[in-house]
Amino acid sequence: MEPSSIGHSELIINDKGCIYHLGLHPDELADTVITVGDPDRVAKVSRHFDSIEIRRQHREFVTHTGYIGPKRLSVVSTGIGPDNVDIVLNELDALVNIDFNTRTVKPATRSLNIFRMGTSGASQASVAINSLVVSSFALGLDNLLHFYQFENNEEERSLLAEFMMYLGLDGDALHPYLFQGSVSLLHHFINGFTQGITVTCPGFYAPQGRVLRQSLAYPQLIDKLTGFQSGSRQITNFEMETAALYGLGRTMGHHCLSISTIVDNRITKEFSADSEAAVGQMIQKCLPIISSID
Numbered sequence: 326m327e328p329s330s331i332g333h334s335e336l337i338i339n340d341k342g343c344i345y346h347l348g349l350h351p352d353e354l355a356d357t358v359i360t361v362g363d364p365d366r367v368a369k370v371s372r373h374f375d376s377i378e379i380r381r382q383h384r385e386f387v388t389h390t391g392y393i394g395p396k397r398l399s400v401v402s403t404g405i406g407p408d409n410v411d412i413v414l415n416e417l418d419a420l421v422n423i424d425f426n427t428r429t430v431k432p433a434t435r436s437l438n439i440f441r442m443g444t445s446g447a448s449q450a451s452v453a454i455n456s457l458v459v460s461s462f463a464l465g466l467d468n469l470l471h472f473y474q475f476e477n478n479e480e481e482r483s484l485l486a487e488f489m490m491y492l493g494l495d496g497d498a499l500h501p502y503l504f505q506g507s508v509s510l511l512h513h514f515i516n517g518f519t520q521g522i523t524v525t526c527p528g529f530y531a532p533q534g535r536v537l538r539q540s541l542a543y544p545q546l547i548d549k550l551t552g553f554q555s556g557s558r559q560i561t562n563f564e565m566e567t568a569a570l571y572g573l574g575r576t577m578g579h580h581c582l583s584i585s586t587i588v589d590n591r592i593t594k595e596f597s598a599d600s601e602a603a604v605g606q607m608i609q610k611c612l613p614i615i616s617s618i619d
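In structure tokens, the structure reads:
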């Protein structure tokens, strides 16, 4: 049976043969991908490459592909939020697993190693400003993954059930989902990293408990999240992308891991005196690790 062709409105390829939003041709993407939120951060990562072969930009999506030694890597900006991660992950997957000529899924699919390097706010007083958190699990408060079919493993189901029982939400607004990061990638990030559960929020203000003028629908949510503990696991930080990355990566068969620089602490009310320097230190610490992974 011949594989079915994907419609032109579903897989949008421009007249240069590039995927719609990222503006990339399939041969311009490496098997190891680093995602960053800020388009300006792409160059801050790629400046450490030994060579850069590809530079592309379309809208907020910037991609540099190059080498560190023999290792080929791509760094891609996602912009902010789960909706942007949806675009980027789907198009990264299409670049490696769909034949652009026949518009069909390739018979043998490839798995990417995808590392997010981002900024985040701590939810525990013990998590220091400018320190690095690696997300062993990610809990999504957005609704993105509910539009996809997925299966959780037993550990994920148990942890999510424990969280839901603890939180005791009685409204219809929140239907969290939870995914584990890549275990095979995680074990490379031990020394100098705090491991924990990362909460992905669908916004920066009310979804993360920030009050400017409006009142909050869930004023105790941040305190409740901070207090959650399952064995030695606790919620260490808040941000806006990781759960979407982990969930979509699972549905597509990619290996994903998120590393965050802590730029503020919601408990101690501190903010980094030099967040750009802290991000630079994260890049310099993580790149040698990432480039050494087969």
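First residue of the sequence shown? That's 326 in this note's numbering, and the numbers climb one at a time after it. Just so you know, even glycine gets a beta-carbon here, dropped at the ideal spot from N, CA and C. These numbers were taken from a predicted model, which means no experiment stands behind them.
Going by Cα to Cα distance, which pick from the options is closest to residue i?
i, options, result
"V361", "Q474, G332, F386", "F386"
"I592", "A453, H333, S509, R397", "A453"
"S555", "M490, T434, D411, R381", "M490"
"H513", "T551, F374, K396, I615", "I615"
"P532", "K594, A603, D424, L466", "L466"
"I337", "V400, S329, I412, D365", "I412"
"S507", "G528, T567, L470", "T567"
"L492", "N422, G552, K396", "G552"
"D375", "I522, H389, H383", "H389"
"A450", "M607, F596, E601, S617", "F596"
"I522", "K431, E481, K610", "E481"
"V588", "M577, L573, N468, M607", "M607"
"T576", "L470, T427, I379", "L470"
"E487", "N426, L464, F440", "L464"
"F472", "G572, R384, V401", "G572"
"S557", "M565, Q545, F462", "F462"
"I423", "P328, I379, P544, S445", "P328"
"P527", "Q559, N409, D340, H346", "N409"
"N590", "T427, T444, H373, A602", "T444"
"T357", "K594, P395, H383", "P395"
"M442", "I379, P364, N468", "P364"
"T429", "E335, A602, H346, N468", "E335"
"D340", "V401, G574, F425, E416", "F425"
I'd like the span of the alpha helix (DSSP H) that includes residue i, first residue to last.
i, result
"F440", "That residue, F440, is in no alpha helix (DSSP H); its beta strand (DSSP E) goes 438-447."
"D589", "Element bounds for D589: not the alpha helix (DSSP H) but the beta strand (DSSP E), 580-590."
"K369", "366-371"
"V410", "407-422"
"R435", "That residue, R435, is in no alpha helix (DSSP H); it is neither H nor E in DSSP."
"T427", "That residue, T427, is in no alpha helix (DSSP H); it is neither H nor E in DSSP."
"A450", "Unbroken run through A450: none, as it is neither H nor E."
"Y543", "From DSSP, Y543 is part of no alpha helix (DSSP H); its letter is neither H nor E."
"A568", "567-577"
"S616", "600-617"
For the beta strand (DSSP E) containing residue i, list its first residue and its last residue.
i, result
"G465", "457-465"
"G391", "386-393"
"S376", "376-383"
"I338", "First-last for I338: undefined, no H or E at that position."
"E564", "558-564"
"I359", "357-361"
"V400", "396-402"
Is it right to say residue i is buried, meaning 16 or more other beta carbons lie within 10 angstroms of its own, or is it exposed?
i, result
"A355", "buried"
"L503", "buried"
"L612", "buried"
"N478", "exposed"
"H500", "exposed"
"R435", "exposed"
"V459", "buried"
"G517", "exposed"
"P407", "buried"
"H579", "buried"
"S399", "buried"
"D418", "buried"
"S617", "exposed"
"Q545", "exposed"
"S653", "Past the edges of the chain, shown from 326 to 619, lies residue 653, and the structure says nothing about it."
"Q609", "exposed"
"E601", "exposed"
Please state whether the Cβ-Cβ distance between residue i and residue j is less than 8 Å.
i, j, result
"F475", "V524", "no"
"L570", "S585", "no"
"N438", "L510", "yes"
"G534", "I515", "no"
"G342", "H333", "no"
"S371", "G348", "no"
"R366", "V536", "no"
"T561", "A433", "no"
"L420", "I331", "no"
"L457", "T403", "no"
"R381", "E353", "yes"
"M565", "I405", "yes"
"F440", "I359", "yes"
"H346", "H383", "yes"
>> As an exercise, report each continuous beta strand (DSSP E) stretch of at least 3 residues that is fully enclosed by the segment 472-541, in chain order.
In response: Runs of the beta strand (DSSP E) inside the segment 472-541: 502-505, 519-525.
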